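Taking it in order: structure first as structure tokens, then the write-up.
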Amino acid sequence: MLRKLFKFHGGVKPQTHKAESTTQAIASIPLPDRLVIPLHQAVGGHPRPLVAPGDKVFKGQRIGGADGSLSSAVHASTSGIVRDVAPALMPHTSGLSTLSVIIEPDGEDRWGELDKVNYRTTPPDELRDFLRDAGVVGLGGAVFPSYAKLKPGKEGRLKTLVINGAECEPFITCDDLLMRERAADMLKGIVAMRHMLQAEEVLIGIEDNKPEAVAAVQAAIAASGQTGIEAVAIPTRYPAGGAKQLIRVLTGIEVPHGRRSTDFGVQCFNVGTAYSIFEALEFGRPLISRVVTVAGNVDQPRNYEVLIGTPMDHVVRQSGPRPDTDRYIMGGPMMGVRLPAFDVPVVKATNCILVGSPALFPPPPPEMPCIRCGECAKACPADLAPFEMYWFSRSKNFGKAQEYHLFDCIECGCCSFVCPSHIPLVDYFRFSKSEIWARERDKSASDAARDRFEFKNFRQEREKQEKAEKLAAKAAATREKVAADSQAGTASPAAEAPDTAKPAAPSAEDTKRALIAAAMEKARQQKAQVAPKNTEQLSAETQADIDAIEARRAATATPPTPDA
Numbered sequence: 327m328l329r330k331l332f333k334f335h336g337g338v339k340p341q342t343h344k345a346e347s348t349t350q351a352i353a354s355i356p357l358p359d360r361l362v363i364p365l366h367q368a369v370g371g372h373p374r375p376l377v378a379p380g381d382k383v384f385k386g387q388r389i390g391g392a393d394g395s396l397s398s399a400v401h402a403s404t405s406g407i408v409r410d411v412a413p414a415l416m417p418h419t420s421g422l423s424t425l426s427v428i429i430e431p432d433g434e435d436r437w438g439e440l441d442k443v444n445y446r447t448t449p450p451d452e453l454r455d456f457l458r459d460a461g462v463v464g465l466g467g468a469v470f471p472s473y474a475k476l477k478p479g480k481e482g483r484l485k486t487l488v489i490n491g492a493e494c495e496p497f498i499t500c501d502d503l504l505m506r507e508r509a510a511d512m513l514k515g516i517v518a519m520r521h522m523l524q525a526e527e528v529l530i531g532i533e534d535n536k537p538e539a540v541a542a543v544q545a546a547i548a549a550s551g552q553t554g555i556e557a558v559a560i561p562t563r564y565p566a567g568g569a570k571q572l573i574r575v576l577t578g579i580e581v582p583h584g585r586r587s588t589d590f591g592v593q594c595f596n597v598g599t600a601y602s603i604f605e606a607l608e609f610g611r612p613l614i615s616r617v618v619t620v621a622g623n624v625d626q627p628r629n630y631e632v633l634i635g636t637p638m639d640h641v642v643r644q645s646g647p648r649p650d651t652d653r654y655i656m657g658g659p660m661m662g663v664r665l666p667a668f669d670v671p672v673v674k675a676t677n678c679i680l681v682g683s684p685a686l687f688p689p690p691p692p693e694m695p696c697i698r699c700g701e702c703a704k705a706c707p708a709d710l711a712p713f714e715m716y717w718f719s720r721s722k723n724f725g726k727a728q729e730y731h732l733f734d735c736i737e738c739g740c741c742s743f744v745c746p747s748h749i750p751l752v753d754y755f756r757f758s759k760s761e762i763w764a765r766e767r768d769k770s771a772s773d774a775a776r777d778r779f780e781f782k783n784f785r786q787e788r789e790k791q792e793k794a795e796k797l798a799a800k801a802a803a804t805r806e807k808v809a810a811d812s813q814a815g816t817a818s819p820a821a822e823a824p825d826t827a828k829p830a831a832p833s834a835e836d837t838k839r840a841l842i843a844a845a846m847e848k849a850r851q852q853k854a855q856v857a858p859k860n861t862e863q864l865s866a867e868t869q870a871d872i873d874a875i876e877a878r879r880a881a882t883a884t885p886p887t888p889d890a
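Residue numbers (the working numbering): 327 to 890.
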């Protein structure tokens, strides 16, 4: 029985360029001279470094600890010596640096002690913590910590677990080769995920231009004897590999803006993520390597098992880069990012190193005015109006751009691909998003500064009021005491008679004199409490000397008696 498939809005069909890198099996590569392992490789908080320069580390040893509710651990990709923990250039167009652990391999590639777990008998919460400490993240590009997605939602169970094997972007074939060669192990990871999510069914979506992968996965399902798991061939159309688009094709569910797929009983994971979960649960191996496609301007396009932290130029050398190479792109030609240098490290998000040249990727034609033809809106898989967002992004009217659901844009590049005016629409949308985020950060900082200033003023006023209240209370107590003393000293006979008359209140002048007298008495007491200086007891010898001096002074001061 064939499963009914659905369509998503828009999409394009660019040339795939996939056949070149699928003619050979996944290969391993020699160890590089050094590994640069960024500590921040996933969505969420920055892991804290657990090693220092000079430390000896083993393969699989944790070198970055998960920190925060959305964070994932990082591990040493091989054994060796930590040479430094310092900022290093990250694989991103920005050219920014991030804190990294730099390891010099010792060539032994020796594993450290690994923890293992039986997923069948271990509670799901403990399994999620185990995967967090194993550094497992989404390998489809989003690098979202997998343990945070392996929660069944409010219902406590999931209806459909979707496994993404579509791999729709041109040149990229790492998932295709993984499914061909490791389908059985990948399926074991899927079964473990199904157990954690309590999913009723599992749908593995694979584009129909990968018949070998479809056959391999279907054979693995049949051999496992598992029920409720199905490998489905879907039409080849970019971006069928987008999570929302794949969910739409397989289930007919369209996840609206601001909602999560788990609200509709669906969750989506990549096939590479499923395999890394198998490795972690079955062998205790953390995520320290991944399959990477090397394609483009090279002599032998191929897929490699690459250790995280390996310099990209070391990987590309295995495929023979051509002399006119002028750029590396991480990812595919539609959504990939141009890298700032050739030696930036492979990270968990690196699914492809696309080697470029002026012949393969010529300069784009000059941008021309928008003619409002609407082709971009027809191609947009998110059902947006890119031409409207373009006008408001260009004029920096970011509020209006948001009204057209700017943040629903998945930056797939379909609009730019079909634009007859050669407008780089996605670049405008990325600019608008970054500007809005920057303004939000500035506003948050300004609000925080204002809150601090207002609280400071409030605290100062409060302290001032408390001080005034204390002084008033003290003055009132003094007045009462003075009034009592004054009344006791000047009481009249009539006042002394009990219950005959009410004592008269002291006048303002009397109160003033009493306050002055009290202050003078207080000053006198304070002065009396100060110890006088030079009051030490004189010794007998010193006193005798002083007496002799005084006697001589007296003798010289007495006038002589005249002779008779």
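The beta carbon of each residue, even a glycine, is placed where N, CA and C say it ideally should be.
All figures in this text were calculated on a predicted structure; none of them were measured in a lab.
For residue i, three-class secondary structure by DSSP
i, result
"Ala621", "strand"
"Gly646", "coil"
"Asp432", "coil"
"Gln728", "helix"
"Leu453", "helix"
"Ser354", "strand"
"Val673", "coil"
"Glu526", "strand"
"Arg664", "strand"
"Glu533", "strand"
"Ile489", "strand"
"Tyr445", "coil"
"Pro637", "strand"
"Pro471", "strand"
"Leu797", "helix"
"Leu484", "strand"
"Val463", "strand"
"Leu686", "coil"
"Arg329", "coil"
"Thr349", "coil"
"Leu751", "helix"
"Ile875", "helix"
"Thr599", "helix"
"Leu614", "A small correction: the amino acid at residue 614 is Ile; Leu does not occupy that position in the sequence shown. Residue state, collapsed to three classes: coil."
"Lys344", "coil"
"Asn723", "coil"
Nearest-angstrom Cβ-Cβ length linking residue i and residue j, presumed shorter than 8 Å
i, j, result
"Pro373", "Val400", "5 Å"
"Leu513", "Ile547", "7 Å"
"Phe724", "Ser760", "Rounded, the Cβ-Cβ distance is 10 Å, inconsistent with contact."
"Ala569", "Leu457", "Between Leu457 and Ala569 the Cβ distance is about 19 Å, and since that is not below 8 Å, they are no contact."
One or two residues paired with residue i in a DSSP bridge
i, result
"Ala412", "Ser426"
"Gly390", "Pro375 and Val400"
"Leu361", "Ile429"
"Lys382", "Ile407"
"Cys678", "Thr619"
"Asn629", "Thr619"
"Tyr564", "Val338"
Range of the contiguous alpha helix (DSSP H) that encloses residue i
i, result
"Phe733", "It is not in any alpha helix (DSSP H) - Phe733 carries neither H nor E in the DSSP assignment."
"Ala542", "Pro537 to Ser550"
"Cys740", "Cys740 to Val744"
"Val575", "Ala569 to Thr577"
"Ala705", "Glu701 to Ala705"
"Trp437", "Where Trp437 is concerned, there is no enclosing alpha helix (DSSP H), given that its DSSP letter is neither H nor E."
"Met694", "Careful: Met694 lies outside any alpha helix (DSSP H) and carries neither H nor E."
"Pro478", "Unbroken run through Pro478: none, as it is neither H nor E."
"Glu714", "Pro712 to Arg720"
Delimiting residues of the beta strand (DSSP E) encompassing residue i
i, result
"Cys500", "No beta strand (DSSP E) holds Cys500; the alpha helix (DSSP H) holding it covers Cys500 to Leu523."
"Gln593", "Val592 to Asn596"
"Arg891", "Only positions 327 to 890 of the chain appear in this structure, which leaves residue 891 out of reach."
"Ala559", "Ile555 to Ile560"
CB contact below 7 Å: residue i versus chain C
i, result
"Ala810", "Among the chains in the structure shown there is no chain C, since it carries only a single protein chain."
- the region 377 to 385 in contact with the region 330 to 343 per 3-pair CB rule at 8 Å: Result no; under three Cβ-Cβ pairs closer than 8 Å.
- Does the pairing of the region 432 to 452 with the region 408 to 423 give three or more beta-carbon distances under 8 Å? no
- For the region 739 to 749 and the region 777 to 787, state whether three or more C-beta atom pairs, one from each stretch, are separated by less than 8 Å. no
- So, do the region 347 to 358 and the region 606 to 625 have three or more beta carbon pairs nearer to each other than 8 Å? Per the Cβ contact rule, the region 347 to 358 is in contact with the region 606 to 625 (3 or more Cβ pairs under 8 Å).
- Message: For the region 590 to 610 against the region 491 to 505, do three or more pairs of beta-carbon atoms, one drawn from each stretch, fall closer than 8 Å, so that the two count as touching?
- Response: Contact between the region 590 to 610 and the region 491 to 505 is present, because at least three Cβ pairs lie under 8 Å.
- Message: Three or more C-beta pairs under 8 Å: does that hold for the region 573 to 589 against the region 457 to 472?
- Response: no
- Message: Does the structure place the region 745 to 754 close enough to the region 686 to 701 that three or more beta carbon pairs sit under 8 Å?
- Response: Counting Cβ pairs under 8 Å, three or more are found: they touch.
- Message: Counting beta carbon pairs with one atom in the region 621 to 634 and one in the region 675 to 692, are three or more of them shorter than 8 Å?
- Response: Yes, the region 675 to 692 is in contact with the region 621 to 634.
- Item | Cβ contact (3+ pairs, closer than 8 Å) linking the region 663 to 680 and the region 707 to 726 | The region 663 to 680 makes no contact with the region 707 to 726; the number of CB pairs closer than 8 Å stays below 3.
- Query: Contact between the region 526 to 539 and the region 547 to 560: three or more CB pairs below 8 Å?
  - Reply: yes
- Three or more C-beta pairs closer than 8 Å, one from the region 386 to 396 and one from the region 363 to 373: is that the case here? yes
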